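Quick notes on the structure that follows.
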Amino acid sequence: MAALLLGSVRAYAGPWEDGMVAYNRGDYVPAIRLFRPLAEAGNPKAQNQIGLMYRKGEGVQPSPARAFMWFSLAARRGEAKARAGLRDASKSMTPAEISQARQMAQACEASNYRGCEY
């Protein structure tokens, strides 16, 4: 019975779960490839995760502006962890960089996530 239950859980795993498995394994490039379509579809958890990856430079070049952009998008969708990410990212940014990141987030949303810079 346990094997059936474990097998059924695996059968229902999706891109988010697969992305987290890759991320936790340290395979950041495959992880971000799985998270991006979710983030572009408006998934706040994936948006927050991408923000974290840009902040830390995991699978991407570190970019406080891009981290701030993704955290902003996630926070607007109610992701509580993204608010902390915004605070952390903004500590290393100038007011001009924060303004640019906010403009990037607005452009990203206005384009239905097609105009997001990576």
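According to our numbering, the stretch in the sequence shown is residues 6 to 123, in order.
Where is the CB? At the ideal position from N, CA and C, for every residue including glycine.
Note that the structure is a prediction, hence the values are computed from the model and not measured.
Counting only residues of its own chain and dropping the five nearest sequence neighbours on each side, C121 has a CB closer than 6 Å to the CB of C113. For M98, the secondary structure class from DSSP, reduced to helix, strand or coil, is coil. Taking 3 residues as the shortest admissible run, the stretch 28-61 contains no complete beta strand (DSSP E) segment at all. Separation of the CB atoms of G64 and A79 is rounded to 17 Å, and the pair is thereby denied contact status at 8 Å.
The beta carbon of E84 lies closer than 8 Å to those of P49, K50, Q52, N53 in the same chain, with the five residues before and after it left out. Sequence-distant partners of I103 (beyond 5 residues in either direction) whose C-beta falls short of 7 Å from its own C-beta, in its chain, are F73, S95. Per the C-alpha coordinates, the member of P69, Y59, R30 positioned closest to R41 is Y59.
Taking C-beta atoms as the reference points, A27 and L39 count as a pair closer than 8 Å.
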